[in-house]
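The opening position of the sequence shown corresponds to residue 42 in the numbering used here, with each subsequent residue numbered one higher. Structure record follows, encoded as structure tokens.
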Amino acid sequence: MTKLFQSKDVILRRLVYLGIKELSSIANDVIIVTSSLTKDMTGKEDLYRAAAIRALCSITDGAMLQAIERYMKQAIVDKNSAVSSAALVSSLHLTQLAPEVVKRWVNEAQEAVNSDNIMVQYHALGLLYHIRKSDRLAVTKLVAKLTRMSLKSPYAVCMLIRITAKLIEEEDSGSESPLFEFIESCLRHKSEMVVYEAAHAIVNLKRTTSRELAPAITVLQINCGSPKPTVRFAAVRTLNQVAISHPAAVTACNMDLENLITDPNRSIATLAITTLLKTGAESSVERLMKQIATFVSEISDEFKIVVVQAIRSLALKFPRKHSSLMNFLSAMLRDEGGLEYKASIADTIITIIEDNPEAKETGLAHLCEFIEDCEHTSLAVRILHLLGKEGPRTKQPSRYIRFIYNRVILENPTVRAAAVSAMAQFGATCPDLLENIQVLLARCQMDSDDEVRDRATYYSNILGQQDKSLYNNYILDTLQVSVPSLERCLKEYILGTTEEPFDMKTVPIASVPSLEDKETKQKSEGMLHSAGPIKPAPISREENYAEKLSAIPGIQSIGPLFKSSDMVELTESETEYYVRCIKHCYKHHMVLQFDCLNTLSDQLLENVKVHLDPSEGYAIMGEISCPKLPYNETGTCYVILKFPENDLPNTIGTFGAVLKFIVKDCDPTTGLPDTDEGYDDEYMLEDLEITLGDQIQKVNKVSWNTAWDEADQSYIEMEDTYSLSSMNTLDEAVKSIIQFLGLQPAERTDKVPEGKSTHTLLLAGVYRGGIDILVKAKLALADGVNMQLKVKSTQEEVADLIISAVG
Numbered sequence: 042m043t044k045l046f047q048s049k050d051v052i053l054r055r056l057v058y059l060g061i062k063e064l065s066s067i068a069n070d071v072i073i074v075t076s077s078l079t080k081d082m083t084g085k086e087d088l089y090r091a092a093a094i095r096a097l098c099s100i101t102d103g104a105m106l107q108a109i110e111r112y113m114k115q116a117i118v119d120k121n122s123a124v125s126s127a128a129l130v131s132s133l134h135l136t137q138l139a140p141e142v143v144k145r146w147v148n149e150a151q152e153a154v155n156s157d158n159i160m161v162q163y164h165a166l167g168l169l170y171h172i173r174k175s176d177r178l179a180v181t182k183l184v185a186k187l188t189r190m191s192l193k194s195p196y197a198v199c200m201l202i203r204i205t206a207k208l209i210e211e212e213d214s215g216s217e218s219p220l221f222e223f224i225e226s227c228l229r230h231k232s233e234m235v236v237y238e239a240a241h242a243i244v245n246l247k248r249t250t251s252r253e254l255a256p257a258i259t260v261l262q263i264n265c266g267s268p269k270p271t272v273r274f275a276a277v278r279t280l281n282q283v284a285i286s287h288p289a290a291v292t293a294c295n296m297d298l299e300n301l302i303t304d305p306n307r308s309i310a311t312l313a314i315t316t317l318l319k320t321g322a323e324s325s326v327e328r329l330m331k332q333i334a335t336f337v338s339e340i341s342d343e344f345k346i347v348v349v350q351a352i353r354s355l356a357l358k359f360p361r362k363h364s365s366l367m368n369f370l371s372a373m374l375r376d377e378g379g380l381e382y383k384a385s386i387a388d389t390i391i392t393i394i395e396d397n398p399e400a401k402e403t404g405l406a407h408l409c410e411f412i413e414d415c416e417h418t419s420l421a422v423r424i425l426h427l428l429g430k431e432g433p434r435t436k437q438p439s440r441y442i443r444f445i446y447n448r449v450i451l452e453n454p455t456v457r458a459a460a461v462s463a464m465a466q467f468g469a470t471c472p473d474l475l476e477n478i479q480v481l482l483a484r485c486q487m488d489s490d491d492e493v494r495d496r497a498t499y500y501s502n503i504l505g506q507q508d509k510s511l512y513n514n515y516i517l518d519t520l521q522v523s524v525p526s527l528e529r530c531l532k533e534y535i536l537g538t539t540e541e542p543f544d545m546k547t548v549p550i551a552s553v554p555s556l557e558d559k560e561t562k563q564k565s566e567g568m569l570h571s572a573g574p575i576k577p578a579p580i581s582r583e584e585n586y587a588e589k590l591s592a593i594p595g596i597q598s599i600g601p602l603f604k605s606s607d608m609v610e611l612t613e614s615e616t617e618y619y620v621r622c623i624k625h626c627y628k629h630h631m632v633l634q635f636d637c638l639n640t641l642s643d644q645l646l647e648n649v650k651v652h653l654d655p656s657e658g659y660a661i662m663g664e665i666s667c668p669k670l671p672y673n674e675t676g677t678c679y680v681i682l683k684f685p686e687n688d689l690p691n692t693i694g695t696f697g698a699v700l701k702f703i704v705k706d707c708d709p710t711t712g713l714p715d716t717d718e719g720y721d722d723e724y725m726l727e728d729l730e731i732t733l734g735d736q737i738q739k740v741n742k743v744s745w746n747t748a749w750d751e752a753d754q755s756y757i758e759m760e761d762t763y764s765l766s767s768m769n770t771l772d773e774a775v776k777s778i779i780q781f782l783g784l785q786p787a788e789r790t791d792k793v794p795e796g797k798s799t800h801t802l803l804l805a806g807v808y809r810g811g812i813d814i815l816v817k818a819k820l821a822l823a824d825g826v827n828m829q830l831k832v833k834s835t836q837e838e839v840a841d842l843i844i845s846a847v848g
């Protein structure tokens, strides 16, 4: 192939470069090709130079890069725009191979940003940002400089808008940031692309109000009338996303969206209708649904999911329309479609059922019809699980048994096993159906699959005891431990020498996602995606940290991790040292993990640790320092605390905290210290609180009332009344109580019905050490909110702790 470098045929030579890139991975020695490519790269023939640069950079390694560095610098600032762009894009790829070498080309990249060619300017900005993206101060300076000058390339301006929006998000400053003015000024740019990018950035910022959204919405409204389909599509899709979080702001565009319903492009028409569904009045729902029905079969699954998303938000907005919306969703379920599309419909029906008790019977009936013909195992399992949970609580539970038992006769082993579990829940909850369920379970004990037989035998034996306590613990409330943690605890138990039986209370509980987590997830996705067996369950926060912590000497001996709390910032994000804390709770200990970031390029920190001034009763068992903290790298140090013994109220406290370290002045470019000796320094941190919620893990109680009644025998009960004068509504009080206690709401009591002046909140959880907690809070609206709090726990000290903490 190297002989082909002698060819004068331009196309053949360009093909040679492509051949070299493809064959480079299997070649042992590329030095001859490298010298030929270097010659072409620096030659006079412009047609070869750009392609030669791309080929050379794709085959080079870290050692050879030094040899071509001079040529790359020259190519970046070359007068030929094709050569300059090729060099800039190749440099971007080379940052993965040798980032330190490419960082030295920053001056050339800055010169290229001033190029008159729109693509060179765009590629230069991309490279410059990539080099500096880990240094927030450098990015801020870059943005400040470029926002003052007028970039000629609309592509570069679009990238600058994205970088600016990211900076605003990181600073969490919203429209108060001076950078926001730059994005807003881009709404008046002469390029359609830039105007759209600016509008898109503004509507996607987290902390924008309706007033600040108004100019961006106006721009998108104008774009809805554009003769170009791409511009109309971009505008209506963005409005569709905005309608999820700011429906009132989009209402002004309803007339323009009405005009797009008849758009020849079906994707635009779909988005227009679904946006109107999110912003329109209750009276227009039926009309819009009929219009969707005329062409829903013609659009792709991707846009059908957008329709489903709109119906979901509509059902939450107008609960009285659940019947017509459910019928439409049911018709969509019967249409052809893939797993993701069908799962999105099923999830929407499930969400409507969970949010609106009146829709439960209708929704379950539609899902029962669907599983008769469902070809997706994971989806059938999910629906059977829902039928087992919700079916027994309906007016006629027996009507669902036929649908569930049909799955045992007709389906594969996975679905049959799920059906057996669902039937057992009916037997445990509905005494009048128990005899019939036992007959069906006896038939299932002759199944060909061992999993189905085992489940049927297991449930049949438990139901045969006719003990509500057994039903509650082994059928209704399933095992709520973290499976990876259970596996790890069993492994440690087997390897250990103890003769004591394995205690399930030593296994950490699987964490329940908070209401805020669910709301954030729904807003970010725009809809509920399938959970459970359809997609792998996300790894919990505790499972992520447990393995890392267990490998650290001093921590591995204090037992299994019980709970990891949310991250708490102990400094402002813009300060010279940025410190965040994560609280890890164990049975008798609290491990505080401090993640520290050094933002000073001329300092190297060593022996970094956090000195605590603990509150009464706490004992510091150990400190693990971070040996070295270079510039812009995150290091971690730990403090191990022991909880106060026999004094639970004192476990809630506030600690003073100081960051202590040795400072060595260093060269900002190399990061090497100027001298071997440093000096001691310290930095004050915000006070750190250990709360009641840090020591409690949430648990789901499917049958909370049964658990409360059973608790009379073995639990200690305490009661007190409080006046929550700072609360103005029941909804506000419910959210505050849940957040303060760190317990899981049960029986949907976290939602206060409209117009109610009284409400009962039911909560459940486990205190560190495996101590069960049940809480009933009766709330009444008066001057503020009055609360009667009843607490049941297996330990008197824990019940007393909750009563006193609330007081």
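For glycine and all other residues, C-beta sits at the position ideal for the given N, C-alpha and C. As the structure is a prediction and not an experimental result, all values here were calculated from the model.
- In this chain, glutamate 540 is not harboured by any alpha helix (DSSP H), its DSSP state being neither H nor E.
- Under DSSP, serine 605 shares a beta bridge with His625.
- Boundaries of the beta strand (DSSP E) harbouring alanine 821: 812-823, taken from the DSSP string.
- Glutamate 63 sits exposed, since fewer than 16 C-beta atoms from the chains shown fall within 10 Å of its C-beta.
- Counting the other Cβ atoms within 10 Å of the Cβ of proline 472 gives fewer than 16, which makes it exposed.
- In this structure, the CA atom of asparagine 769 is about 7 Å from the CA atom of valine 826.
- Residue pairing for aspartate 721: DSSP places it in a beta bridge opposite Ile703.
- Taken through DSSP and simplified to helix, strand or coil, cysteine 415 comes out as coil.
- Here the segment 774-785 does not lie against the segment 750-761, with fewer than 3 beta-carbon pairs under 8 Å apart.
- DSSP, reduced to helix, strand and coil, places histidine 241 within a helical segment of the structure shown.
- Straight through space, the alpha carbons of alanine 483 and glycine 378 are spaced by roughly 37 Å.
- Taking the CA atoms as reference points, proline 288 sits about 21 Å from glutamine 332.
- Inter-residue distance for alanine 592 and glutamate 647 is about 22 Å (C-alpha atoms, whole angstroms).
- For proline 668, the enclosing beta strand (DSSP E) has its first and last residue at 667-670.
- In this structure, isoleucine 202 and alanine 239 form a Cβ contact; the two beta carbons are roughly 6 Å apart against a cut-off of 8 Å.
- With a beta-carbon spacing of about 37 Å, glutamine 466 and leucine 536 fall beyond the 8 Å limit used to define contacts.
- If you draw a straight line from the Cα of alanine 334 to the Cα of arginine 443, it comes to about 32 Å.
- Leucine 633 has Lys624, Val680 as its beta-bridge partners, per DSSP.
- Cα atoms of glutamine 350 and alanine 469: separation of roughly 35 Å, rounded to the nearest angstrom.
- By a beta-carbon distance limit of 8 Å, leucine 645 contacts lysine 705. Their separation comes to about 5 Å.
- Pairing leucine 784 with lysine 739 gives a Cβ-Cβ distance under 8 Å.
- According to DSSP, residue pairing for histidine 363 in a beta bridge does not occur.
- Taking the Cα positions, cysteine 626 is about 58 Å away from lysine 269.
- Residue range 757-765 is occupied by the beta strand (DSSP E) that includes serine 764.
- In the DSSP assignment, leucine 804 falls within the beta strand (DSSP E) that extends over 799-808.
- Under the 10 Å beta carbon count, valine 548 is surrounded by 16 or more other beta carbons and is classified as buried.
- Here glutamate 615 carries a coil assignment [DSSP, helix/strand/coil].
- Close CB contacts of phenylalanine 411 within its chain, under the 6 Å cut and outside five residues either way in sequence, are with Leu374 (chain order).
- 8 Å or more divides the Cβ of alanine 284 from the Cβ of asparagine 513.
- DSSP places isoleucine 386 within a helical segment (H, G or I) once states are collapsed to three.
- In the three-state reduction of the DSSP assignment, isoleucine 593 falls in the coil class, being assigned neither a helical nor a strand state.
- Only exposed fits histidine 134, as fewer than 16 other CB atoms lie within 10 angstroms of its CB.
- Counting other Cβ atoms within 10 Å of its Cβ, methionine 487 stays below 16 and is therefore classed as exposed.
- In this chain, the alpha helix (DSSP H) harbouring isoleucine 258 covers 251-264.
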